[in-house]
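Numbered per full-length UniProt numbering, the sequence shown spans residues 1 to 348. Using N, Cα and C, we set each Cβ at its ideal position, and we do this for glycine too. It should be emphasised that the depicted structure is a prediction, and the values quoted were computed from it without experimental measurement. Everything on this sheet refers to the single structure shown next.
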Amino acid sequence: MSIQANRIWRGLLISLTLVLIYHLVTRTSNPHLRLRSQHSTTGFLSPGKAQTLCNSHDLSIFPDRAQHRKIYDLMLVSTELDWLEIRMNELKQHVDHFVVVESGHTFTQNPKPLHFKRNFKRFAPFQSQIIYRNLDISNLGSNSTWEREAFLRNGLFDSVFPNLVGDAAPSLNDVILVSDVDEIPRASTLDVLRNCAFPERVTLRSRFFYYSFQWQHVGDEWQHPQATFYQGPEKTIKPEDLRMGGGAIDLWNASWHCSSCFSTIAEMSKKLESFSHTEYNKPEFREPHEIVRRVRNGLDLFDRKSQLYERVQADYDVPGYVKANKERFAYLLNRDPENANFKDYPPK
Numbered sequence: 001m002s003i004q005a006n007r008i009w010r011g012l013l014i015s016l017t018l019v020l021i022y023h024l025v026t027r028t029s030n031p032h033l034r035l036r037s038q039h040s041t042t043g044f045l046s047p048g049k050a051q052t053l054c055n056s057h058d059l060s061i062f063p064d065r066a067q068h069r070k071i072y073d074l075m076l077v078s079t080e081l082d083w084l085e086i087r088m089n090e091l092k093q094h095v096d097h098f099v100v101v102e103s104g105h106t107f108t109q110n111p112k113p114l115h116f117k118r119n120f121k122r123f124a125p126f127q128s129q130i131i132y133r134n135l136d137i138s139n140l141g142s143n144s145t146w147e148r149e150a151f152l153r154n155g156l157f158d159s160v161f162p163n164l165v166g167d168a169a170p171s172l173n174d175v176i177l178v179s180d181v182d183e184i185p186r187a188s189t190l191d192v193l194r195n196c197a198f199p200e201r202v203t204l205r206s207r208f209f210y211y212s213f214q215w216q217h218v219g220d221e222w223q224h225p226q227a228t229f230y231q232g233p234e235k236t237i238k239p240e241d242l243r244m245g246g247g248a249i250d251l252w253n254a255s256w257h258c259s260s261c262f263s264t265i266a267e268m269s270k271k272l273e274s275f276s277h278t279e280y281n282k283p284e285f286r287e288p289h290e291i292v293r294r295v296r297n298g299l300d301l302f303d304r305k306s307q308l309y310e311r312v313q314a315d316y317d318v319p320g321y322v323k324a325n326k327e328r329f330a331y332l333l334n335r336d337p338e339n340a341n342f343k344d345y346p347p348k
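Structure below.
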C-alpha cells in the first residue's frame, strides 16, 4: 500500500474514533438521553423495571401498555413565573401537556395583569406542551374568595378537556395532576404514576419548605399535589374536589413545596393582597422590613405559633434546575444576606 493510501486510512480511522468517543461521552453525560433510553416509545419503563417500581409502592403495574399514557399537569398561575420556569424545566421530559389557567382578577376581585400571557416568550421552549386559558371571574363579585378560587381551579378541567382534539385529546386512564405552581412533583413520582395502576385519588406528599429551601417546615409533609386519571368528561374527579376531598392514598416524599418563596418583596406583597385567607391579609404583615426579618430568621409571616421551620442545608434536596442555576435562584438557596436575597430590597 502506498504512503498516500496509508495516510488516508489513518485519517479515516482517527475520524471514526473521534466520532465514537463523542457519542459515548454525550450519551453518558446527558441525563435526557439516559432517560429516553430507559423508556419504550410509549413512555413506559420495561416490564421488569415497571414491576419492581410498582411493587415498591404496593401498586400493580398498569396493564394497558400498548399506547402512550399521557400526563397532564394542571395549575393556576398568578405572579409565580420563576416557579413556572423551574417546574417546566424540571418536568419537561415527563409531562405531555402543561395546562395553565390565569385570570385578570385576584380571588379578592382586584384587577391584575395576565402575567403568563405577557411573558409567554419566556416559555417558548415549551410551546408545544402548553395548553393555556384565560378565565374571567369578574362576574363572580357576589361569590366568596373561596368560591372564586374553586371556580378557577375547576376551570383547569372544565374549560380545557372537553375541547381538546388530536394528540392533545385525553384517553381513558391518562394521568391528571392538580397542583399549585410551587408544588412540584419529582420526576421519579411521575414514573410511578405513568407505569402503575393507582386509585382515583392519590396525594403526592411534598417535602415542605418555607421562604426558600433553607427552611423546612416542622411536622408532616405537605398534603398536595393530587393525582387522578381521566374517566371521561363527566366521571373524572374535578380539580377542586380532587384537591380538597379525602380518601386518597399517600405517596410520601413525592414532591417539593416551597411556600412564599419569592424573589421580590413586591411579589410577596401581591400574594398577601390576593390571599384567599383574608384573616392574614393585614398591613402589619406587609411591612417590607418585617418581611425581611422573618424570612432571614425562619419566622412565620403571620405569627402562627404552630408553624415552625428548621434550618437545613440549602441544597440537600432541591430541584435540579435550581441547582444548575444557583446564582439566578440565590433567593431559593440562601436567605442569610441582609436583604434576604430579595432583588428589590432595600428600595432604591
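Item                                                                                                                                                                                                            : Value
Would you call Gly155 buried or exposed, if buried means 16 or more other Cβ atoms sit within 10 Å of its Cβ?                                                                                                   : buried
Determine the DSSP secondary structure at Thr228, reduced to helix, strand or coil.                                                                                                                             : strand
Do you know how far the Cα of Val312 is from the Cα of Ala197?                                                                                                                                                  : 35 Å
Note down, one range per segment and in chain order, each alpha helix (DSSP H) of at least 4 residues found wholly within the stretch 51 to 105.                                                                : 81 to 91
In its own chain, which residues sit with a C-beta less than 7 Å from the C-beta of Arg87, not counting the 5 before and 5 after it?                                                                            : Val181 and Ile184
Give the C-beta separation of Phe151 and Leu164 to the nearest angstrom, bearing in mind that I take them to be a contact with Cβ-Cβ under 8 Å.                                                                 : Phe151 to Leu164, Cβ: 20 Å. No contact.
Who are Pro111's beta bridge partners in DSSP?                                                                                                                                                                  : His105
Just tell me which of Ser128, Arg153 and Asp82 has its CA closest to the CA of Gly166.                                                                                                                          : Ser128
Would you say Val178 reaches chain D, if we count a Cβ-Cβ gap shorter than 8 Å as a contact?                                                                                                                    : Considering every chain present, this structure includes no chain D. It has just one protein chain.
Buried or exposed for Ile137, please, with buried defined as at least 16 other CB atoms from any protein chain shown within 10 angstroms of its CB.                                                             : buried
Could you check the C-alpha separation between Gln51 and Thr236 for me, to the nearest Å?                                                                                                                       : 26 Å
In this structure, what does DSSP give as the bridge partners for Arg207?                                                                                                                                       : Trp256
Pair every Cβ in the stretch 277 to 287 with every Cβ in the stretch 329 to 347, then say whether three or more of these pairs are closer than 8 Å.                                                             : no
Using 8 Å as the cut-off, can you tell me whether the stretch 254 to 261 makes contact with the stretch 210 to 227, which would need three or more C-beta pairs spanning the two stretches below that distance? : yes
For His257 versus His224, is the C-beta distance shorter than 8 Å?                                                                                                                                              : yes
Is it the case that the stretch 59 to 70 contacts the stretch 170 to 179, given that we only count it when at least three CB pairs across the two stretches are under 8 Å?                                      : yes
Among the residues of its own chain, which have a CB less than 8 Å from the CB of Leu81, if the five just before and after it don't count?                                                                      : His115, Phe116, Asn119 and Arg122
With the cut-off set at 8 Å, would you say Val160 and Arg133 are in Cβ contact?                                                                                                                                 : yes
From Arg153, Ser103, Lys271 and Val192, pick the residue whose C-alpha is nearest to that of Pro47; which is it?                                                                                                : Val192
Indicate whether Val295 and Ala340 have their beta-carbon atoms separated by less than 8 Å.                                                                                                                     : yes
From Phe229 to Arg201, what distance separates their C-alpha atoms?                                                                                                                                             : 8 Å
Could you tell me the distance, in whole angstroms, from the CA atom of Ala187 to the CA atom of Glu90?                                                                                                         : 8 Å
Restricting to runs no shorter than 4 residues, where is the alpha helix (DSSP H) found entirely within the stretch 136 to 192?                                                                                 : 145 to 158
Go ahead and pull the three-state DSSP assignment for Ala197.                                                                                                                                                   : strand
Can you tell me where the alpha helix (DSSP H) holding Glu240 begins and where it ends?                                                                                                                         : Pro239 to Met244
So what does DSSP say about Phe123, is it helix, strand or coil?                                                                                                                                                : helix
With Arg296 as the anchor, note down where its alpha helix (DSSP H) starts and where it stops.                                                                                                                  : Pro288 to Asn297
Buried or exposed: Trp215, going by 16 or more other Cβ atoms within 10 Å of its Cβ?                                                                                                                            : buried
Where Asp336 and Val101 are concerned, what is the direct C-alpha to C-alpha distance, given to the nearest angstrom?                                                                                           : 34 Å
Pull the bridge partners of Ile131 from the DSSP assignment, please.                                                                                                                                            : Val99
Quick one: grab the DSSP three-state call for Leu24.                                                                                                                                                            : For Leu24, the pLDDT reaches just 41, beneath the cut-off of 50, and the residue's location in the model is therefore unreliable, although a value from the coordinates is still provided. Note: Leu24 maps to helix in three-state DSSP.
For Tyr280, list the residues DSSP reports as bridge partners.                                                                                                                                                  : None; Tyr280 has no bridge partner.
When the Cα of Arg148 is compared with those of Arg328, Gly232, Glu240 and Asn325, which residue comes out closest?                                                                                             : Glu240
Can you check whether the CB of Gln226 is closer than 8 Å to the CB of Leu204?                                                                                                                                  : yes
Within a Cβ cutoff of 6 Å, which residues of the same chain sit near Thr79, ignoring the five residues on either side of it in sequence?                                                                        : His115, Glu267 and Lys270
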